[in-house]
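Heads up, the sequence shown is in my numbering, so the first residue is 14 and it goes up one at a time. Each residue gets a CB set at the ideal place from its N, CA and C atoms; glycine is no exception. Nothing here was measured: the structure is a model prediction, and the numbers come from that model. See structure below.
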Amino acid sequence: QKIVIFALYTIMRTKEANDILNSAIESVEKNGISAETLIPQLQAAREHALQENDPLVTRALRLAWQHLESNEAFDTELAEEIETPEENFAYFLALCVKSDNALNRDELRVMTNQLQQLA
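Listed below in structure tokens is the structure:
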């Protein structure tokens with residue numbers, strides 16, 4: 014019974030983090046990239062990734078908010094086939110939301126390494 018309770022707790026925690034990231038995606042799609050709005054959301058989602066012991070997503074979110082903080086924009090082309098900074102950032106966040114998928118993790122790892130090189 015303890016295992017079931019733990020599993021439910023883990024799912025609820027992930028849902029809360031995903032809700033934060035989905036809200037950030039919605040904000041980007043409606044209002045564009047605003048460092049002032051997005052940085053607190055990324056920091057909150059990163060805290061969940063830390064609690065979930067997910068070093069890739071933790072690092073990805075930290076580098077993303079630091080990039081926003083330094084540049085007041087997300088003007089890097091992490092995904093080559095995506096044209097606008099808004100679409101690029103929304104895609105990056107979507108990979109964080111669906112980071113349980115192996116292919117998404119691989120792509121997120123590549124994008125995170127690109128952000129690290131820009132830091």
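Along the alpha helix (DSSP H) that carries residue i, what are the first and last residues, could you check?
| i | result |
| --- | --- |
| F102 | 98-110 |
| E90 | E90 -> no alpha helix (DSSP H), and no H or E assigned at all. |
| A57 | 48-64 |
| N114 | Element bounds for N114: n/a, residue is neither H nor E. |
| E13 | Nothing about residue 13 can be read from this structure; the chain reaches only from 14 to 132. |
By a C-beta neighbour count over all protein chains shown, 10 Å radius and 16 as the cutoff for buried, is residue i buried or exposed?
| i | result |
| --- | --- |
| N101 | buried |
| V41 | buried |
| T97 | exposed |
| V123 | exposed |
| D67 | buried |
| A132 | exposed |
Could you compute how far the alpha carbon of residue i sits from the alpha carbon of residue j?
| i | j | result |
| --- | --- | --- |
| N117 | K111 | 7 Å |
| E29 | A62 | 11 Å |
| I18 | D32 | Interpretation of I18 is limited by its pLDDT of 40, a score under 50 that renders its predicted location unreliable; the figure taken from the coordinates is listed afterwards. Approximately 21 Å, taken between the alpha carbons. |
| A73 | I46 | 17 Å |
| N35 | C109 | 10 Å |
| N126 | P53 | 22 Å |
| I38 | E99 | 9 Å |
| Q79 | D113 | 24 Å |
| E60 | T71 | 8 Å |
| A103 | L121 | 12 Å |
| S83 | A115 | 30 Å |
| E89 | N44 | For the sequence presented, residue 89 should be read as Thr rather than Glu. Roughly 18 Å separates the two Cα atoms. |
| R75 | Q56 | 7 Å |
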